[in-house]
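Structure first, then comments.
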Amino acid sequence: MVVKSEETPFPREGRSMLRALLTSLTLALLSVFPAARAEPVDGGHAMVELISERHAVLPGETFYVALKMDLEDGWHVYWRNAGDAGLPPRIDLLEGSTIPDGALGDFVWPIPHLLPVVEGEIMDYGYDERLVLPFPVTIPADAERTVRINLLADYLICEEICVPETAEVSLSLPVGVSEPDTKNGTLIGEWVAQAPLEYDGAARIDTSAAPWKLSLKSTSGFDPSSDIRFYPFGHEISHPADQPLSFGSDGATLELVPDADALDGTLDGVIVVETENGERTGYAFSAEQGEAFANTSGTPAKRSRAAGGSGAGLVGLIFAALLGGLILNLMPCVLPVLSIKAMGMVHAVASGHEGEVRSHGLWYTGGVLVSFAALALAIILIRQATGTATLGFQLQNGPTVAVLALVMFVIGLWLLGMFELGGSIQNTGSGLASRSGAMGAFFTGVLAAVVGAPCVGPFLGAALGAVLDKPAIAVMAVFLAMGFGLALPYLILSFVPGLSRLLPKPGRWMETLKQFFAFPMFLTAALLLWTLGAVSGPGAVAWAVAGATLIAFGIWLGKRSTRPLLKGLAAVALVAGLVYPAVHAADTAGQAAGGSSLYAEKYETEVWSPERVAELTAQGRPVFVDFTATWCATCQLNKMTTLKTSAVQTAFQEHDVAFLVADFTRKDPVIADELKRRQRAGVPMYLWYPAGSTEPQILPEILSKSLVIGLVSQD
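Quick note: to get this note's numbering, add 137 to the position in the sequence shown (first position is 1).
Okay, here's the thing in structure tokens:
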């Protein structure tokens, strides 16, 4: 007999329990084996990490991932609109990712903070300490098992200097069950909550007169004890300017200083309302042009928090100029001058002439300060006569350039030992007490100032640009601060015996080093000859070379001869070698080619003009503008390390970037006006117009390939 087993169906309650058990087991396993993710990546001055609000995800699900950045103390990164200078963070999908390009949404930008660069003059917007940038990610509907997100984070991070950094970050998430990550989800939620809300009222911008009036009509009203600040998405207004605030029965009005001749369309941005207890709430809106709303102004409020008053602004400019002057000591034409003075100090300290060393330091500082005071006075007078002035104007004059080139050549000959000025370097110490030693130190300071002043490096471009339209006393103060920064290293060595004793003992190495420094001076002379060719044409260069030959002949003849007639002939050769090239440079001024000739023909460049920029931006093309000059050492450094590299040129070609060159080697009032409008004292200045934008981003004065390629790749 066959016995049939009677199958008992599994109870419904049991199936539910089993399903719950399996689900719990799955979640438990996910908690034990969480989503695989890389450790935070050290980008240089920030720890960068990719975090998710999910441990695991479902196919087709949309959720938040965030770029988390923990910054070093004192460093900051930028908002979507960086302000006067800077660049916002960006991300690119890397190979190995299992999601398509369109799966990543836009950043959810938290409301920013003010970042005063130069108090009252230059303002940026951004974040310090920590930034979490959430963005939505949509998982493909056909995703299987695991999705992997590999990103390249590209950002500019700044303290007193700006450094472009990158970090490769990744995240792997299992697919199958949607499981929240409580810790990271809470963090991401906190930063999403800091994004601006949609403004529930109405906004209107009255541009009929300056200042513009932004009137905000609110259904709920504003607390008169609150402070309100407007953060624009574009560059239509002055970022550092104060924004006077007044309240009415139906809203509030902000006064905005325009930074554009006219407003094209709407004014878009965010207002941040800050209560007395420090709580900040942002509201995004688009203000139509028109007459200000009624009843939105009347009672003045406290001034909107800005960059401080004019006194604080001047202090900031002075500090920036001081730092910039310090950096000038590293320029290849200034460093030999400082080093030769230091070598003289070595022997003087060893000989026990410390008192004379201090005197020498003061004379050197005096020479630098007198030169910078004269430069400031010249700029003030030129500004009064022409309405504009820029740093480096002296190198737009052919005779000045010719004489400077020959002076550098003569200094090079002296450093090589072709002739002596008051004895050899080993005798420098014994001559310090003499009048010639003191005056020699003074004119060494003059020389350092003359060759260093045209170089606009970090801190100087923005600081000097901001002060050029200020009162004469402010211009003088900032230029003297710049000069003091240039003189400070040698002055400190002169007055701190402990430091000067750290210098090596005198010996034959001093003469060797002295001769070595002749070659940077010859290179400086060559650069000045190149500048002379751009200012006054190739004929002026030929005359300068002939003048250098005459000078060398005069030095040789004077050294070998004792007869008065031959000595006189040597003196005539020296004078002729200096005078004739300068005279010829004056006669041929303006015969040189300009525009994009600073770049070889293989580089596709155009001559800059405001009209050409307007034409290209109207076509929707991205535009890169290089404001440069042959006499600008920083400009040439950026060309060699960045702009002329094949990687950057390839990126320009691939993204159809129009590369415009504004050559300021010779005087050009249109370029001078543009520099003034952008609050820059001179070159270099780099402007980047993204595709479809008519307002540029002002880039740092020191460029890098990653910075430029990252910008270009955004379009």
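We put the CB at the ideal spot given by N, CA and C, even for glycine.
These numbers come from a predicted model, not from an experiment.
{"Asked": "Proximity below 8 Å, CB of residue 877 to CB of residue 691", "Found": "There is no way to answer for residue 877, as the model of the chain reaches only from 138 to 852."}
{"Asked": "Stretch-stretch touch, CB-based, cutoff 8 Å, three pairs: the stretch 677–686 with the stretch 767–779", "Found": "no"}
{"Asked": "Any beta strand (DSSP E) of 3 or more consecutive residues that is wholly inside the stretch 766–842", "Found": "795–800, 822–826"}
{"Asked": "Rounded distance between the beta-carbons of residue 185 and residue 304, thought under 8 Å", "Found": "4 Å"}
{"Asked": "Spatial neighbours of residue 166 in its chain, beta-carbon cut-off 7 Å, leaving aside the 5 residues before and after", "Found": "Only weak support exists for where residue 166 lies, its pLDDT of 42 falling under 50; the coordinates are left without a value."}
{"Asked": "Straight-line gap, residue 657 to residue 458 (C-alpha atoms, nearest Å)", "Found": "25 Å"}
{"Asked": "Three CB pairs or more closer than 8 Å across the stretch 799–812 and the stretch 825–845", "Found": "no"}
{"Asked": "Length-filtered (3 minimum) beta strand (DSSP E) runs lying within the stretch 276–304", "Found": "283–295"}
{"Asked": "Start-to-end residues for the alpha helix (DSSP H) that takes in residue 858", "Found": "In the structure as shown, the chain starts at 138 and stops at 852, and residue 858 therefore has no counterpart that could be examined."}
{"Asked": "Straight-line gap, residue 264 to residue 223 (C-alpha atoms, nearest Å)", "Found": "12 Å"}
{"Asked": "Residue 382 vs residue 389 beta-carbon contact at 8 Å", "Found": "yes"}
{"Asked": "Three or more C-beta pairs below 8 Å linking the stretch 204–212 and the stretch 333–351", "Found": "no"}
{"Asked": "Rounded separation between residue 385 and residue 431 - CA only", "Found": "8 Å"}
{"Asked": "Residue from 300, 632, 403 with nearest C-alpha to residue 339", "Found": "403"}
{"Asked": "From 270, 279, 360, residue whose alpha carbon lies closest to that of residue 324", "Found": "270"}
{"Asked": "Contact belief for residue 821 with residue 742 at Cβ below 8 Å, rounded distance in angstroms", "Found": "The Cβ separation is near 15 Å, so there is no contact."}
{"Asked": "Residue 168 in three-state terms, based on DSSP", "Found": "Residue confidence is low: residue 168 scores 40 on pLDDT, short of 50, so the model does not pin down where it sits. No coordinate-derived value is stated."}
{"Asked": "Cα-Cα separation, residue 762 to residue 584", "Found": "32 Å"}
{"Asked": "Per DSSP, cross-strand counterpart(s) of residue 260", "Found": "253"}
{"Asked": "C-beta atoms of residue 750 and residue 823 nearer than 8 Å", "Found": "no"}
{"Asked": "Segment contact flag, the stretch 235–252 with the stretch 328–338, C-beta cutoff 8 Å, min 3 pairs", "Found": "yes"}
{"Asked": "Residue 847 versus residue 830 - alpha carbon distance", "Found": "17 Å"}
{"Asked": "Chain-order list of residues whose beta-carbon lies under 6 Å from that of residue 159 (same chain, five-residue window excluded)", "Found": "Model confidence at residue 159 stands at a pLDDT of 43, short of 50, so the residue's coordinates are unreliable; what they give is reported in the following sentence. Here the set comprises nothing."}
{"Asked": "8 Å Cβ cutoff met for residue 225 and residue 278", "Found": "no"}
{"Asked": "Backbone secondary structure at residue 501 - three-state DSSP", "Found": "helix"}
{"Asked": "DSSP-derived helix/strand/coil call for residue 633", "Found": "coil"}
{"Asked": "Where the alpha helix (DSSP H) containing residue 748 begins and where it ends", "Found": "747–755"}
{"Asked": "Pairwise C-alpha distance: residue 545 and residue 660", "Found": "9 Å"}
{"Asked": "Distance CB(residue 281)-CB(residue 312) smaller than 8 Å", "Found": "yes"}
{"Asked": "Nearest-angstrom Cβ-Cβ length linking residue 229 and residue 310, presumed shorter than 8 Å", "Found": "Contact doesn't hold; Cβ gap of about 20 Å is too wide."}
{"Asked": "For residue 340, the residue or residues it bridges with in DSSP", "Found": "353"}
{"Asked": "Alpha helix (DSSP H) segment containing residue 536, residue limits", "Found": "535–552"}
{"Asked": "Simplified DSSP state of residue 850, which is helix, strand or coil", "Found": "helix"}
{"Asked": "Spatial neighbours of residue 707 in its chain, beta-carbon cut-off 6 Å, leaving aside the 5 residues before and after", "Found": "691, 694, 695"}
{"Asked": "Cβ distance (whole Å) where residue 622 is taken to contact residue 462 below 8 Å", "Found": "2 Å"}
{"Asked": "Straight-line Cα distance separating residue 460 from residue 498", "Found": "19 Å"}
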